[in-house]
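Enquirer: In the order they appear, the protein sequences are chains W and R.
Counting along the first sequence from 1, when you hit position 324 you're at 324 in UniProt numbering, and nothing is skipped either side.
Counting along the second sequence from 1, when you hit position 131 you're at 131 in UniProt numbering, and nothing is skipped either side.
Quick one: the structure is below, questions incoming.
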Amino acid sequence: MADLSIEFAGIKSPNPFWLASAPPTDKAYNVERAFEAGWGGVVWKTLGEDPAAVNVSSRYSAIYDHNGEVSGFNNIELITDRSLEINLKEIEAVKKAWPDRALVVSLMVPCEEESWKKIVKLVEQTGADGLELNFGCPHGMPERGMGAAVGQVPEYVEMVTRWCKTYSKLPVIVKLTPNITDIRFSARAAKRGGADAVSAINTINSITGIDLDKMSARPMVDGKSTHGGYCGPAVKPIALNMVAEIARDTETMGLPISGIGGISNWRDAAEFISLGSGSVQVCTAAMIYGFRIVTEMQQGLSNWMDSKGYKKISDFQGLAVPNTTDWKYLNMNYKVVADIDDDKCIGCGRCYIACEDTSHQAIDRKVREDGSVAFEVIEDKCVGCNLCQITCPVDSCIKMEQKDADKPYMNWTQDPRNPYKDAS
Amino acid sequence: MVMSMEQPQGYSQQQLALDQMFKDINPALSARQAGIESSRCYYCYDAPCVTACPSKINIPSFIASIHADDLTGAAKTIYSENILGGSCARVCPTEILCEQACVRNKEQEKAPVKIGLLQRHATDNAKFVGHPFKRADATCKTIAVVGAGPAGLSCAHRLALLGNEVEIFEAAEKPGGLNEYGIAKYKLTDNFAQKEVEFILGIGGITLHTNKALGKDISLSQLKEQFDAVFLAIGLQDVHSLMLVNEAHPQILNAVDYIKELRQASDISELDVPKDSAVVIGAGNTAIDMACQLKRLGTEEVTLVYRRGSEHMSATEHEQQIAKDHEVRIKTWARPEHINLKDDGSLKSLTFRKTYTEDGQLKDSEDSFEINCSAVFKAVGQKFAYPKAEQLIPTVSNGKIATFGQQVTSIDGVYAGGDCTGEGQDLTVEAVQQGKLAALAIHHQLNQEA
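Structure (structure tokens):
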């Protein structure tokens with residue numbers, strides 16, 4: 001059985017599954033239930049200065065997949081709306097009761113040195129394992145000069161990180177906002193400020209949909225709405241990319257990353273870890289299904305690791321990073337062509353019409369004598385784009401087969417067709 | 001559907017109670033179920049379900065509309081090809097038509113999209129403002145349609161849509177044909193047939209005359225004279241017989257007559273229901289409908305007997321399963337030989353001769369058996385019978401009105417469709433299609449002449 005325990009930026013945790021800073025970690029009651037369920041750690045919902053924030057009603061909205069399951073989630077909730085004193089007391093008590101679990105505290109105070117100095121000291125006294133600086137919250141707080149308003153300015157990220165590192169001995173994790181053009185700039189700033197780690201991503205500015213009867217976005221507060229923070233399975237591709245960008249950037253390479261964004265099961269977690277994450281944070285999945293999902297997450301990750309012969313998390317952590325590269329280094333001589341398995345084909349014609357209307361007219365439609373149809377790839381026209389495979393509803397009916405396997409590796413910088421070859 | 005959900009006049013509390021006894025065998029999908037089911041459709045290109053649908057409804061399109069929460073659009077897509085889409089959704093043997101062709105049968109899943117139920121969901125829940133279709137400019141042509149069954153109604157609606165004036169002549173008291181009189185009560189509940197007729201006539205330009213029978217109240221030559229064209233959709237009027245001694249006995253009944261009586265009954269006490277045991281002879285949907293309805297009415301033992309094997313039955317496997325679910329005993333490979341009466345003249349039993357096939361020929365074996373019963377229902381097929389009094393008779397071939405492409409008969413200006421013709425398998429959806437095609441042919445013909 002694989003060993004799931006980790007040490008992330010000096011913080012020990014029996015498994016890599018942490019609950020992200022959010023409603024599930026807002027108070028002792030929830031956090032204790034989470035630990036009972038088996039979560040390796042939590043990032044306590046963001047503390048701020050008193051008086052505590054005040055929330056509106058309602059706060060969440062969602063988009064759904066074809067089966068009515070939540071695929072994207074949106075919230076307009078602020079940081080904790082409970083007093084600093086109560087939160088600190090509870091953090092201290094919970095950490096005492098659960099010494100083996102990771103307890104990181106998320107923080108957000110105004111961009112003033114004194115404010116940060118004061119709060120990191122208070123948190124340190126609780127016995128918490130680390131700090132996470134919330135530079136990501138996209139709604140409500142930026143209007144007050146906090147959250148994403150800080151995270152979007154690399155100089156502020158660096159400055160606040162440095163304050164925290166100056167006034168606290170605790171590991172500092174900087175939570176990055178995805179509402180930027182290039183995540184590497186804020187990640188580099190965090191590193192320059194002395195961050196022990198970054199966590200990514202926070203939620204994305206979003207409007208999940210419009211109620212066409214009331215002509216207002218959701219969630220609705222007395223008929224009006226505002227943009228919220230997007231999360232859930234739908235944001236995973238964006239999050240994975242940002243994690244990969246940080247993992248392979250020469251300046252931030254090796255900086256521990258806590259992966260966040262749409263992680264719903266062990267496979268999602270494994271993907272984030274393969275792109276360099278040392279721990280993963282989960283929120284939406286727990287909010288939809290409850291804390292019990294960590295059971296299947298641990299079990300699934302462990303079984304998969306056993307099947308691959310990985311004994312500990314670090315055995316496969318970051319293995320996909322070297323295979324994530326810039327477009328210009330992709331092999332121009334690599335060619336795949338679609339192949340349709342006639343025995344598996346059910347004749348839905350989706351590959352055909354997709355290719356015919358929107359791609360390269362590389363599929364031939366033949367009507368057999370009995371009136372049924374057969375689809376065949378015209379190899380010469382196929383560019384190996386994958387569209388037919390994506391549209392095909394049958395498992396492994398369309399395979400992409402490698403052609404010209406004997407040609408050597410040649411990337412765009414070496415390609416004679418590249419007019420800027422010498423410059424690249 | 002665009003019709004008031006109020007019960008039409010004359011629909012009594014007793015009728016409602018009877019309807020309750022014959023609750024829908026295939027309940028409607030909930031909105032949630034329809035949403036999930038609609039997401040299963042692959043939106044095939046050149047979809048096989050459309051090819052398999054006799055009325056050529058654009059099935060992937062209407063399912064996509066359901067999925068996009070546009071039930072009105074979905075229903076309009078259905079109605080544009082099949083104005084009886086509501087009843088077809090209920091009575092179509094989808095298991096041998098669209099759903100059999102569904103590509104999801106083929107993969108590991110082996111479960112077709114529930115097209116019939118989705119069609120019903122759309123037609124039941126659409127919200128049109130007025131009738132979904134607007135009539136074209138008046139052509140000043142008038143067409144007579146004989147028979148207000150699915151073929152006649154479909155033809156009339158399409159003709160009216162194209163701007164023609166239509167008069168329908170129906171022999172029975174109510175329009176609807178098979179949907180009103182011949183389909184098992186549990187398949188078309190809540191007076192559906194009449195609501196549907198109301199909806200169809202809602203397009204305007206159609207005058208309905210009931211209690212007007214061909215060969216009695218009207219004649220074809222008369223109609224030919226008065227109208228620009230005539231469409232015959234007179235269905236099947238006669239039933240086959242067993243050719244046995246004592247067949248005229250009052251306890252030997254025609255299933256179609258009994259089903260009609262049951263469908264029209266407003267009170268269960270009006271029906272003569274065999275208590276202990278009944279035998280149904282036949283292998284088609286009428287036989288299944290009859291047997292199952294007897295079970296629902298309380299007949300203790302119902303035995304359905306067919307002279308060949310279950311694989312030869314014209315009732316689909318799905319229909320046979322419905323019979324099994326109703327605890328109907330199905331006996332195959334036996335043909336009725338004697339009708340046995342008691343001393344007091346009442347029905348005692350039926351003697352059956354066991355059968356087998358040799359080189360495809362049905363043969364009698366030496367064994368026979370007897371089933372005691374208090375009633376026998378014959379469901380051995382209906383046949384075409386043109387009114388005897390009629391002078392003008394279209395060519396009949398293989399016992400039905402011959403059509404020569406585009407629903408044309410041997411008589412100039414006279415078209416025919418539905419069960420009275422030799423086309424297809426006598427399915428409602430085929431009748432609808434033939435009515436539609438006839439309307440297009442008639443319209444084309446009349447306007448070409450003009």
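Yeah, the Cβ is synthetic: ideal placement off N, Cα and C, and Gly gets one too.
Would you say R350/W reaches chain R, if we count a Cβ-Cβ gap shorter than 8 Å as a contact?
Expert: So yes, R350/W belongs to the interface.
Enquirer: Assuming residue 425/W and E132/W form a contact by the criterion Cβ under 8 Å, report the distance between their Cβ atoms to the nearest whole angstrom.
Expert: In the structure displayed, chain W extends from 1 to 424; residue 425/W sits before or after that span and is not available.
Enquirer: Kindly say whether C44/R, judged by its beta-carbon, lies nearer than 8 Å to any beta-carbon of chain W.
Expert: At least one chain W Cβ lies under 8 Å of C44/R.
Enquirer: Which whole-angstrom value describes the C-beta separation of A97/W and G40/W, a residue pair presumed to lie in contact below a C-beta threshold of 8 Å?
Expert: Incorrect: roughly 16 Å between the Cβ atoms, too far for contact.
Enquirer: Using CA atoms only, rank isn't needed, just tell me which of T139/R, K76/R, I83/R, E167/R is closest to F128/R.
Expert: Of the listed residues, the one whose Cα sits closest to F128/R is K76/R.
Enquirer: Per DSSP, what are the beta-bridge partners of residue 478/W in this structure?
Expert: Outside the displayed span of chain W (1 to 424) sits residue 478/W, for which this structure offers no information.
Enquirer: Would E6/R be called buried (16 or more neighbouring beta carbons within 10 Å of its own) or exposed?
Expert: Model confidence at E6/R stands at a pLDDT of 45, short of 50, so the residue's coordinates are unreliable and nothing is read from them.
Enquirer: Using a Cβ-Cβ cut-off of 8 Å, state whether H66/W counts as contacting chain R.
Expert: Yes, contact with chain R.
Enquirer: I'd like to know whether the C-beta of P233/W is nearer than 8 Å to at least one C-beta of chain R.
Expert: No, P233/W lies away from the interface with chain R (no Cβ there is under 8 Å from its Cβ).
Enquirer: If I measure Cβ to Cβ from R162/W and keep anything under 7 Å in the same chain, skipping five residues before and after, which residues do I get?
Expert: Closer than 7 Å at Cβ, skipping near neighbours: G193, G194.
Enquirer: V160/W and V150/W - do their beta-carbons sit closer together than 8 Å?
Expert: Contact: yes.
Enquirer: Compare the C-beta of S4/R with all C-beta atoms of chain W and state if any pair is closer than 8 Å.
Expert: Its pLDDT being 44, under 50, S4/R is placed unreliably in this model, and the value from its coordinates should be taken loosely. Judged by the 8 Å Cβ criterion, S4/R is not in contact with chain W.
Enquirer: Which residues of chain R have a Cβ atom closer than 7 Å to the Cβ of G347/W, listed in chain order?
Expert: Within chain R, the residues near G347/W are P48, V103.
Enquirer: Examine the Cβ distances between the segment 70-86 of chain R and the segment 414-424 of chain R and report whether three or more of them are shorter than 8 Å.
Expert: Touching, no.
Enquirer: Taking a contact to mean a Cβ-Cβ separation below 8 Å, would you say K436/R touches R158/R in this structure?
Expert: Result yes, Cβ atoms of K436/R and R158/R sit closer than 8 Å.
Enquirer: Per DSSP, what are the beta-bridge partners of Q402/W in this structure?
Expert: Bridge partners of Q402/W: V336/W.
Enquirer: Tell me the residue span of the beta strand (DSSP E) that contains H209/R.
Expert: Residues 206-209.
Enquirer: Evaluate the contact criterion for the segment 370-390 of chain W versus the segment 341-354 of chain W: three or more CB pairs, one atom per stretch, below 8 Å.
Expert: Counting Cβ pairs under 8 Å, three or more are found: they touch.
Enquirer: Give the DSSP-derived three-state secondary structure of L304/R in the structure shown.
Expert: Looking at L304/R - three-state DSSP - the assignment turns out to be strand.
Enquirer: Assign E67/R to one of three DSSP states: helix, strand, or coil.
Expert: Here the sequence assigns His to residue 67/R, which means Glu is not the residue at that position. The answer is helix: DSSP assigns H67/R an H, G or I state.
Enquirer: Can you tell me which residues form a DSSP beta bridge with Y156/W?
Expert: Paired residues: none, contrary to the question.
Enquirer: Throw me the rounded Cβ distance for the P27/R and A47/R pair, which I believe falls under 8 Å.
Expert: Contact flag wrong, Cβ pair sits at about 26 Å.
Enquirer: Just to confirm the assignment, what range does the alpha helix (DSSP H) spanning C155/R have?
Expert: First-last of the alpha helix (DSSP H) with C155/R: 150-161.
Enquirer: Which residue's Cα is closest to the Cα of H209/R: E173/R, F192/R, Q434/R?
Expert: Taking only the C-alpha atoms, the option nearest H209/R is E173/R.
Enquirer: Measure the CB-CB distance between I207/W and A217/W and report whether it falls below 8 Å.
Expert: The answer is yes: Cβ separation under 8 Å.
Enquirer: For M1/W, count neighbouring Cβ atoms within 10 angstroms of its own Cβ and tell me buried if that reaches 16, exposed if not.
Expert: M1/W comes out exposed.
Enquirer: Comparing C-alpha positions only, which one of P256/W, N386/W, E245/W sits nearest to G10/W?
Expert: Cα-wise, what sits closest to G10/W is P256/W.
Enquirer: Name the chain R residues whose beta carbon is nearer than 8 Å to that of I6/W?
Expert: Ordered by position in chain R, no residue passes the 8 Å Cβ test against I6/W, which lies about 39 Å from the chain.
Enquirer: Counting C-beta neighbours from all protein chains within 10 Å, is the total for M243/R 16 or more, i.e. buried, or is it exposed?
Expert: So M243/R ends up on the exposed side.
Enquirer: Per DSSP, what are the beta-bridge partners of Y60/W in this structure?
Expert: Bridge partners of Y60/W: N75/W.
Enquirer: Whole angstroms is fine: what's the gap from V2/R's alpha carbon to K260/R's?
Expert: Bear in mind that the predicted position of V2/R carries a pLDDT of just 48, short of 50, making it unreliable; the figure below should be weighed with that in mind. When rounded, the distance between both Cα atoms is 27 Å.
Enquirer: Taking beta-carbon pairs under 7 Å, can you tell me which members of the segment 82-113 of chain R lie near chain W?
Expert: Within the segment 82-113 of chain R, the residues whose Cβ lies closer than 7 Å to some Cβ of chain W are V103, K106, E107, listed in chain order.
Enquirer: Considering Cα atoms alone, identify which of W304/W, D65/W, D406/W, D370/W is closest to Y334/W.
Expert: Ranking W304/W, D65/W, D406/W, D370/W by Cα distance to Y334/W puts D406/W first.
Enquirer: Let's see if you can read the secondary structure: which residues bound the beta strand (DSSP E) around H338/R?
Expert: Run containing H338/R: 334-341, per the beta strand (DSSP E) assignment.
Enquirer: If distances are taken between C-alpha atoms only, which option among T391/W, V367/W, G371/W comes closest to S359/W?
Expert: For S359/W, the nearest C-alpha among the options comes from T391/W.
Enquirer: Less than 8 Å separating the beta-carbons of V230/R and G413/R?
Expert: Yes.
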